[in-house]
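Trainee:
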Amino acid sequence: ACDFWLTFASLDEDSYDDEMMGCVAQSLPQLLPVLLKGMVYPPDKIEELLEDNAIDERGGDDRQQDLAPVFHSAKTKGQYDSDDDDSEDGGSDDEMDDDDGEWSLRKCSAASLDSLAGIFGASYVLPPLLPALQEGLRHSDQWFREASILALGAISDGCMAEITPHLPQLHPFLLSQLTSQDSLPQLRCISAWALGRYASWTVTADDPSLVACSIEALVGRLLDRNKKVQVATCSALGVYVEVAGDLMTPYLEPVYRALMEALQLYRTRSILCLFDTLGVMADNIGAAIGEGPLPGMYVPPILKRWNDIGRENPMDRSLLPLMECLGSVTVVCGMNYQPWAVETFEMAMSTIEGSMLIISHYNDISDVDDELADPMICA
(Lines of atoms letter the chains of each structure in order from A; the text may use other names.)
(Lines give C-alpha, C1' and ligand atoms only; values in the text may rest on other atoms or scores of the structure.)
Protein backbone atom coordinates (compact mmCIF):
# COMPACT_ATOMS: atom_id res chain seq x y z
CA ALA A 104 0.00 0.00 0.00
CA CYS A 105 2.83 2.39 0.84
CA ASP A 106 4.58 1.59 -2.43
CA PHE A 107 1.52 2.92 -4.26
CA TRP A 108 2.18 6.46 -3.06
CA LEU A 109 5.82 6.31 -4.04
CA THR A 110 4.84 4.97 -7.46
CA PHE A 111 2.30 7.76 -7.83
CA ALA A 112 4.88 10.39 -6.90
CA SER A 113 7.28 8.92 -9.47
CA LEU A 114 4.91 9.35 -12.42
CA ASP A 115 5.74 11.79 -15.20
CA GLU A 116 4.00 15.14 -14.96
CA ASP A 117 2.09 14.33 -18.13
CA SER A 118 0.46 11.41 -16.30
CA TYR A 119 -1.26 13.67 -13.77
CA ASP A 120 -4.57 15.40 -14.33
CA ASP A 121 -6.50 17.85 -12.15
CA GLU A 122 -8.97 15.25 -10.98
CA MET A 123 -6.22 12.85 -9.89
CA MET A 124 -4.25 15.57 -8.11
CA GLY A 125 -7.37 16.83 -6.36
CA CYS A 126 -8.24 13.34 -5.18
CA VAL A 127 -4.78 12.71 -3.75
CA ALA A 128 -4.67 16.19 -2.18
CA GLN A 129 -7.91 15.42 -0.33
CA SER A 130 -6.36 12.24 1.07
CA LEU A 131 -3.22 13.92 2.44
CA PRO A 132 -4.70 14.78 5.87
CA GLN A 133 -5.30 11.07 6.46
CA LEU A 134 -2.24 9.80 4.59
CA LEU A 135 0.63 11.90 5.98
CA PRO A 136 0.23 10.94 9.67
CA VAL A 137 0.10 7.30 8.55
CA LEU A 138 3.38 7.74 6.63
CA LEU A 139 4.93 9.32 9.73
CA LYS A 140 3.81 6.36 11.81
CA GLY A 141 5.35 4.02 9.23
CA MET A 142 8.76 5.61 9.80
CA VAL A 143 8.94 4.32 13.37
CA TYR A 144 10.99 1.15 13.66
CA PRO A 145 8.85 -1.90 14.52
CA PRO A 146 9.49 -3.63 17.89
CA ASP A 147 11.44 -6.55 16.41
CA LYS A 148 13.73 -4.19 14.52
CA ILE A 149 14.25 -2.07 17.63
CA GLU A 150 15.35 -5.17 19.51
CA GLU A 151 17.82 -6.00 16.75
CA LEU A 152 19.18 -2.46 16.67
CA LEU A 153 19.70 -2.42 20.42
CA GLU A 154 21.73 -5.62 20.10
CA ASP A 155 23.81 -4.02 17.33
CA ASN A 156 24.34 -0.94 19.51
CA ALA A 157 25.69 -3.14 22.28
CA ILE A 158 28.09 -4.85 19.87
CA ASP A 159 29.41 -1.49 18.67
CA GLU A 160 29.78 -0.31 22.25
CA ARG A 161 31.99 -3.32 22.92
CA GLY A 162 34.04 -2.58 19.81
CA GLY A 163 32.80 -5.56 17.84
CA ASP A 164 34.02 -6.46 14.35
CA ASP A 165 32.29 -5.13 11.24
CA ARG A 166 29.22 -7.03 10.14
CA GLN A 167 28.75 -7.95 6.49
CA GLN A 168 26.37 -5.01 5.92
CA ASP A 169 29.03 -2.65 7.28
CA LEU A 170 31.31 -3.52 4.37
CA ALA A 171 29.34 -1.94 1.51
CA PRO A 172 31.42 0.37 -0.70
CA VAL A 173 31.49 4.14 -0.47
CA PHE A 174 32.05 6.17 -3.61
CA HIS A 175 33.81 9.53 -3.72
CA SER A 176 30.88 11.69 -4.82
CA ALA A 177 28.57 14.55 -3.91
CA LYS A 178 26.52 13.98 -0.76
CA THR A 179 23.81 16.56 -1.08
CA LYS A 180 21.33 14.42 -2.99
CA GLY A 181 19.20 12.44 -0.57
CA GLN A 182 17.94 9.05 -1.66
CA TYR A 183 16.16 6.42 0.38
CA ASP A 184 17.65 3.34 -1.22
CA SER A 185 19.92 0.85 0.44
CA ASP A 186 23.55 1.55 1.17
CA ASP A 187 24.37 -1.34 -1.12
CA ASP A 188 23.30 0.76 -4.07
CA ASP A 189 26.07 1.33 -6.58
CA SER A 190 24.68 4.62 -7.85
CA GLU A 191 26.73 7.76 -7.48
CA ASP A 192 24.64 8.75 -4.49
CA GLY A 193 24.97 5.41 -2.76
CA GLY A 194 25.62 5.76 0.95
CA SER A 195 24.31 9.30 1.27
CA ASP A 196 21.64 8.19 3.69
CA ASP A 197 23.37 5.44 5.62
CA GLU A 198 22.30 7.11 8.81
CA MET A 199 18.67 6.14 8.13
CA ASP A 200 19.52 2.71 6.71
CA ASP A 201 19.52 0.13 9.50
CA ASP A 202 17.58 -2.39 7.40
CA ASP A 203 20.61 -4.28 6.11
CA GLY A 204 20.02 -3.15 2.53
CA GLU A 205 16.39 -4.25 2.48
CA TRP A 206 13.52 -2.13 1.19
CA SER A 207 11.32 -1.50 4.22
CA LEU A 208 8.12 0.27 5.23
CA ARG A 209 10.27 2.90 6.94
CA LYS A 210 12.23 3.71 3.78
CA CYS A 211 9.15 3.63 1.59
CA SER A 212 7.25 5.94 3.95
CA ALA A 213 10.14 8.43 4.05
CA ALA A 214 10.60 8.36 0.28
CA SER A 215 6.85 8.78 -0.27
CA LEU A 216 6.69 11.77 2.08
CA ASP A 217 9.72 13.34 0.40
CA SER A 218 8.19 12.91 -3.06
CA LEU A 219 4.69 14.07 -2.08
CA ALA A 220 6.14 17.17 -0.43
CA GLY A 221 7.96 17.93 -3.67
CA ILE A 222 4.79 17.54 -5.73
CA PHE A 223 2.21 19.26 -3.56
CA GLY A 224 4.36 21.70 -1.62
CA ALA A 225 4.05 23.05 1.90
CA SER A 226 0.51 24.42 1.56
CA TYR A 227 -0.88 20.90 1.25
CA VAL A 228 1.70 18.96 3.30
CA LEU A 229 2.41 21.04 6.40
CA PRO A 230 -1.12 21.66 7.77
CA PRO A 231 -1.93 17.94 8.23
CA LEU A 232 1.66 16.90 9.03
CA LEU A 233 2.80 19.55 11.50
CA PRO A 234 0.61 18.53 14.47
CA ALA A 235 1.79 14.92 14.30
CA LEU A 236 5.37 16.06 13.62
CA GLN A 237 5.42 18.42 16.60
CA GLU A 238 4.00 15.71 18.84
CA GLY A 239 6.64 13.28 17.67
CA LEU A 240 9.52 15.71 18.18
CA ARG A 241 8.36 16.25 21.77
CA HIS A 242 7.75 12.56 22.42
CA SER A 243 9.48 10.99 25.42
CA ASP A 244 10.21 7.84 23.41
CA GLN A 245 13.45 8.31 21.45
CA TRP A 246 12.27 6.02 18.64
CA PHE A 247 9.30 8.30 17.95
CA ARG A 248 11.57 11.36 18.02
CA GLU A 249 13.91 9.59 15.61
CA ALA A 250 11.08 8.94 13.14
CA SER A 251 9.87 12.53 13.41
CA ILE A 252 13.35 13.88 12.68
CA LEU A 253 13.46 11.57 9.65
CA ALA A 254 10.17 13.12 8.47
CA LEU A 255 11.54 16.61 9.12
CA GLY A 256 14.51 15.87 6.88
CA ALA A 257 12.32 14.21 4.26
CA ILE A 258 10.26 17.37 3.68
CA SER A 259 13.27 19.67 3.52
CA ASP A 260 13.34 19.94 -0.27
CA GLY A 261 9.61 20.43 -0.77
CA CYS A 262 8.93 22.68 2.21
CA MET A 263 12.20 24.52 2.84
CA ALA A 264 10.82 28.07 2.56
CA GLU A 265 7.93 27.35 4.91
CA ILE A 266 10.04 25.42 7.41
CA THR A 267 12.71 28.13 7.51
CA PRO A 268 10.88 30.33 10.09
CA HIS A 269 10.90 27.36 12.46
CA LEU A 270 14.58 26.52 12.01
CA PRO A 271 15.88 28.88 14.72
CA GLN A 272 14.09 26.55 17.16
CA LEU A 273 14.58 23.28 15.28
CA HIS A 274 18.31 23.69 14.70
CA PRO A 275 19.25 23.80 18.41
CA PHE A 276 16.91 20.87 18.99
CA LEU A 277 18.71 18.78 16.35
CA LEU A 278 22.07 19.74 17.82
CA SER A 279 20.90 18.64 21.27
CA GLN A 280 19.72 15.27 19.94
CA LEU A 281 23.08 14.77 18.23
CA THR A 282 25.27 15.73 21.17
CA SER A 283 23.30 14.35 24.12
CA GLN A 284 24.98 11.45 25.88
CA ASP A 285 21.53 9.97 26.51
CA SER A 286 20.55 9.83 22.81
CA LEU A 287 20.36 6.45 21.14
CA PRO A 288 22.87 5.97 18.30
CA GLN A 289 19.97 5.92 15.82
CA LEU A 290 18.78 9.29 17.15
CA ARG A 291 22.29 10.73 16.85
CA CYS A 292 22.51 9.39 13.29
CA ILE A 293 19.24 10.83 12.07
CA SER A 294 19.95 14.18 13.75
CA ALA A 295 23.26 14.45 11.88
CA TRP A 296 21.48 13.56 8.64
CA ALA A 297 18.74 16.16 9.22
CA LEU A 298 21.33 18.83 10.02
CA GLY A 299 22.88 18.08 6.65
CA ARG A 300 19.49 18.42 4.93
CA TYR A 301 19.18 21.95 6.33
CA ALA A 302 22.84 22.88 5.99
CA SER A 303 22.05 25.50 3.34
CA TRP A 304 19.98 27.45 5.88
CA THR A 305 22.84 27.62 8.40
CA VAL A 306 25.17 28.95 5.72
CA THR A 307 22.78 31.59 4.35
CA ALA A 308 21.20 32.67 7.66
CA ASP A 309 23.69 35.53 8.11
CA ASP A 310 24.78 34.14 11.49
CA PRO A 311 28.31 32.65 11.45
CA SER A 312 27.70 31.02 14.82
CA LEU A 313 25.22 28.60 13.21
CA VAL A 314 27.93 27.07 11.03
CA ALA A 315 30.39 27.08 13.91
CA CYS A 316 28.11 25.28 16.36
CA SER A 317 27.05 22.78 13.68
CA ILE A 318 30.65 21.92 12.80
CA GLU A 319 31.56 21.71 16.49
CA ALA A 320 28.70 19.27 17.14
CA LEU A 321 29.53 17.09 14.15
CA VAL A 322 33.26 17.05 14.89
CA GLY A 323 32.47 16.13 18.48
CA ARG A 324 30.64 13.02 17.27
CA LEU A 325 33.31 11.84 14.81
CA LEU A 326 34.86 9.69 17.55
CA ASP A 327 31.59 8.05 18.56
CA ARG A 328 32.00 4.32 19.22
CA ASN A 329 28.95 3.46 17.11
CA LYS A 330 29.84 2.80 13.47
CA LYS A 331 26.57 4.20 12.11
CA VAL A 332 27.11 7.44 14.02
CA GLN A 333 30.64 7.67 12.63
CA VAL A 334 29.34 7.33 9.07
CA ALA A 335 26.45 9.74 9.69
CA THR A 336 28.62 12.50 11.10
CA CYS A 337 31.24 12.08 8.36
CA SER A 338 28.52 12.28 5.73
CA ALA A 339 26.86 15.33 7.32
CA LEU A 340 30.24 17.04 7.63
CA GLY A 341 30.77 16.42 3.92
CA VAL A 342 27.43 18.07 3.19
CA TYR A 343 28.40 21.14 5.22
CA VAL A 344 31.70 21.32 3.37
CA GLU A 345 29.93 21.22 -0.01
CA VAL A 346 27.48 23.92 1.01
CA ALA A 347 29.86 26.19 2.94
CA GLY A 348 32.94 25.88 0.70
CA ASP A 349 35.67 28.27 1.76
CA LEU A 350 33.55 29.42 4.71
CA MET A 351 34.96 26.29 6.36
CA THR A 352 38.46 27.80 6.40
CA PRO A 353 38.39 29.06 10.04
CA TYR A 354 37.52 25.57 11.27
CA LEU A 355 40.00 23.51 9.24
CA GLU A 356 42.56 22.87 11.96
CA PRO A 357 40.15 21.35 14.53
CA VAL A 358 38.30 19.47 11.79
CA TYR A 359 41.47 17.88 10.40
CA ARG A 360 42.71 17.10 13.89
CA ALA A 361 39.48 15.26 14.68
CA LEU A 362 39.49 13.45 11.33
CA MET A 363 43.04 12.21 11.92
CA GLU A 364 42.03 10.93 15.36
CA ALA A 365 39.13 9.18 13.67
CA LEU A 366 41.54 7.70 11.13
CA GLN A 367 43.13 5.73 13.96
CA LEU A 368 39.76 4.56 15.31
CA TYR A 369 37.66 3.78 12.25
CA ARG A 370 37.23 0.40 10.63
CA THR A 371 36.08 -0.63 7.18
CA ARG A 372 32.79 1.18 6.54
CA SER A 373 33.64 4.27 8.56
CA ILE A 374 37.12 4.64 7.09
CA LEU A 375 35.72 4.59 3.56
CA CYS A 376 33.37 7.43 4.43
CA LEU A 377 36.20 9.34 6.12
CA PHE A 378 38.33 9.18 2.96
CA ASP A 379 35.32 10.33 0.96
CA THR A 380 34.85 13.31 3.28
CA LEU A 381 38.53 14.23 2.99
CA GLY A 382 38.14 14.21 -0.80
CA VAL A 383 35.05 16.40 -0.58
CA MET A 384 37.00 18.88 1.56
CA ALA A 385 39.77 19.07 -1.01
CA ASP A 386 37.31 19.51 -3.87
CA ASN A 387 35.18 22.21 -2.23
CA ILE A 388 37.28 24.27 0.18
CA GLY A 389 40.14 25.12 -2.14
CA ALA A 390 43.70 26.28 -1.59
CA ALA A 391 43.26 26.83 2.16
CA ILE A 392 43.65 23.09 2.85
CA GLY A 393 47.19 23.21 1.43
CA GLU A 394 48.45 26.27 3.26
CA GLY A 395 50.74 26.51 6.27
CA PRO A 396 51.04 23.50 8.57
CA LEU A 397 47.70 21.93 7.57
CA PRO A 398 49.05 19.41 4.99
CA GLY A 399 51.58 18.21 7.53
CA MET A 400 48.70 17.47 9.87
CA TYR A 401 46.78 15.13 7.58
CA VAL A 402 48.97 13.93 4.67
CA PRO A 403 51.47 11.81 6.69
CA PRO A 404 48.74 9.88 8.58
CA ILE A 405 46.95 9.13 5.30
CA LEU A 406 50.18 7.90 3.71
CA LYS A 407 50.87 5.75 6.78
CA ARG A 408 47.40 4.22 6.49
CA TRP A 409 48.06 3.56 2.80
CA ASN A 410 51.32 1.83 3.70
CA ASP A 411 49.66 -0.27 6.43
CA ILE A 412 46.79 -1.38 4.20
CA GLY A 413 49.01 -1.91 1.15
CA ARG A 414 51.44 -4.13 3.01
CA GLU A 415 48.60 -6.39 4.08
CA ASN A 416 46.67 -6.36 0.79
CA PRO A 417 47.56 -4.04 -2.12
CA MET A 418 44.14 -4.77 -3.67
CA ASP A 419 42.17 -3.80 -0.58
CA ARG A 420 39.14 -1.84 -1.75
CA SER A 421 39.60 0.87 0.91
CA LEU A 422 42.72 1.97 -1.01
CA LEU A 423 40.52 3.29 -3.83
CA PRO A 424 38.83 6.13 -1.88
CA LEU A 425 42.12 6.74 -0.06
CA MET A 426 43.97 7.34 -3.32
CA GLU A 427 41.08 9.35 -4.77
CA CYS A 428 41.11 11.72 -1.80
CA LEU A 429 44.91 12.04 -2.05
CA GLY A 430 44.54 12.80 -5.74
CA SER A 431 42.23 15.70 -4.91
CA VAL A 432 44.57 16.86 -2.15
CA THR A 433 47.65 16.91 -4.40
CA VAL A 434 45.86 19.00 -7.04
CA VAL A 435 44.73 21.58 -4.48
CA CYS A 436 48.02 21.68 -2.54
CA GLY A 437 50.16 22.05 -5.65
CA MET A 438 53.82 22.64 -4.80
CA ASN A 439 53.00 22.53 -1.08
CA TYR A 440 52.60 18.77 -1.50
CA GLN A 441 56.22 18.41 -2.60
CA PRO A 442 57.54 17.07 0.76
CA TRP A 443 55.43 13.93 0.27
CA ALA A 444 55.61 13.62 -3.52
CA VAL A 445 58.33 10.96 -3.64
CA GLU A 446 56.73 8.87 -0.91
CA THR A 447 53.36 9.06 -2.69
CA PHE A 448 54.94 8.01 -5.97
CA GLU A 449 56.67 5.07 -4.29
CA MET A 450 53.45 4.01 -2.57
CA ALA A 451 51.61 4.11 -5.91
CA MET A 452 54.29 1.98 -7.56
CA SER A 453 54.22 -0.46 -4.64
CA THR A 454 50.43 -0.80 -4.99
CA ILE A 455 50.73 -1.47 -8.72
CA GLU A 456 53.53 -4.00 -8.29
CA GLY A 457 51.79 -5.79 -5.44
CA SER A 458 48.54 -5.99 -7.38
CA MET A 459 50.27 -7.31 -10.47
CA LEU A 460 52.02 -9.96 -8.38
CA ILE A 461 48.68 -11.16 -7.01
CA ILE A 462 47.08 -11.15 -10.46
CA SER A 463 50.00 -13.16 -11.87
CA HIS A 464 48.99 -16.08 -9.67
CA TYR A 465 45.60 -16.38 -11.36
CA ASN A 466 45.48 -19.19 -13.92
CA ASP A 467 43.00 -17.24 -16.03
CA ILE A 468 43.12 -13.43 -16.15
CA SER A 469 39.36 -13.41 -16.75
CA ASP A 470 38.93 -14.74 -13.21
CA VAL A 471 40.16 -11.41 -11.81
CA ASP A 472 37.25 -9.31 -10.60
CA ASP A 473 37.31 -5.87 -12.22
CA GLU A 474 36.77 -4.23 -8.82
CA LEU A 475 39.85 -5.94 -7.44
CA ALA A 476 41.96 -4.16 -10.04
CA ASP A 477 40.51 -0.72 -9.27
CA PRO A 478 43.19 0.23 -6.69
CA MET A 479 45.92 -0.65 -9.21
CA ILE A 480 44.22 1.47 -11.89
CA CYS A 481 43.81 4.39 -9.50
CA ALA A 482 47.44 4.11 -8.40
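Okay, so the sequence shown: first residue is 104 according to the numbering used here, each after it adds one. Quick reminder that beta carbons are idealized off the backbone N, C-alpha and C, glycines included. Treat the numbers as computed from the prediction; the structure is a model and nothing was measured.
(1) Quick check on DSSP: helix, strand or coil for L287?
(2) How many Å lie between F107 and V127 at the Cα?
(3) Under 8 Å, do A308 and E265 count as touching if we go by C-beta distance?
(4) Helix, strand or coil, according to DSSP, for L350 in the structure here?
(5) May I have the straight-line CA-CA distance separating C105 from Y119, to the nearest angstrom?
(6) Since L325 contacts Q333 with CB under 8 Å, what's their CB separation in whole angstroms?
(7) Take the Cβ of Q167 as the centre, count every other Cβ of all protein chains shown within 10 Å, and call the residue buried at 16 or more, exposed below.
(8) Work out the CA separation of C211 and Q390 for me, nearest whole Å.
(9) Are the beta-carbon atoms of L397 and R408 separated by less than 8 Å?
(10) Please report the Cβ distance between Y354 and A302, rounded to the nearest whole angstrom; I am assuming they are in contact, meaning their Cβ atoms lie under 8 Å.
(11) My assumption, with CB atoms under 8 Å, is that I318 sits in contact with V358. Please give the rounded CB distance.
(12) So the alpha helix (DSSP H) G399 belongs to, where does it begin and stop?
(13) Give every residue of the same chain whose Cβ lies closer than 6 Å to the Cβ of M450, excluding the five residues on either side of it in the sequence, and list them in chain order.
(14) Rounded to whole angstroms, what is the Cα-Cα separation between D115 and M123?
(15) Measuring alpha carbon to alpha carbon, tell me which of D121, L475 and E394 ends up nearest G457.
(16) Use the C-beta contact count for D244: other C-beta atoms within 10 angstroms, 16 or more gives buried, fewer gives exposed.
(17) In terms of residue numbering, what span does the alpha helix (DSSP H) encompassing N486 cover?
(18) Classify W92 as helix, strand or coil using the three-state DSSP reduction.
(19) Just verifying my parser: in three-state terms, what is the DSSP assignment at S113?
Mentor: According to the structure data:
(1) L287 falls in the coil class under three-state DSSP.
(2) Counting only the Cα atoms, V127 lies some 12 Å from F107.
(3) In this structure, A308 lies away from E265, with their beta-carbon atoms at least 8 Å apart.
(4) DSSP places L350 in helix when its eight states are reduced to three.
(5) Going by the C-alpha atoms only, they are around 19 Å apart.
(6) Correct: roughly 7 Å between the Cβ atoms.
(7) Reliability fails at Q167, whose pLDDT of 49 lies under 50, so the model's placement of it is uncertain and the value that follows must be treated cautiously. Sixteen is the threshold: since fewer than 16 other Cβ atoms of the shown chains lie within 10 Å of the Cβ of Q167, the residue is exposed.
(8) Looking at the sequence shown, residue 390 is not Gln but Ala. Our two residues, A390 and C211, have alpha carbons roughly 41 Å apart in a direct line.
(9) Going by beta carbons, L397 and R408 fall outside the 8 Å limit.
(10) Between A302 and Y354 the Cβ distance is about 14 Å, and since that is not below 8 Å, they are no contact.
(11) Sure, about 7 Å apart at Cβ, within 8 Å.
(12) Counted as a single uninterrupted DSSP element, the alpha helix (DSSP H) harbouring G399 occupies residues L397 to E415.
(13) Non-local beta-carbon contacts of M450 in its own chain, meaning distances under 6 Å to residues more than five positions away in sequence, involve W409 in chain order.
(14) Inter-residue distance for D115 and M123 is about 13 Å (C-alpha atoms, whole angstroms).
(15) Ranked by Cα distance from G457, the options D121, L475 and E394 are led by L475.
(16) D244 comes out exposed.
(17) Past the edges of the chain, shown from 104 to 482, lies residue 486, and the structure says nothing about it.
(18) Outside the shown range of the chain, which is 104 to 482, sits residue 92, and nothing can be said about it.
(19) In the three-state scheme derived from DSSP, where H, G and I count as helix and E and B as strand, S113 is classed as coil.
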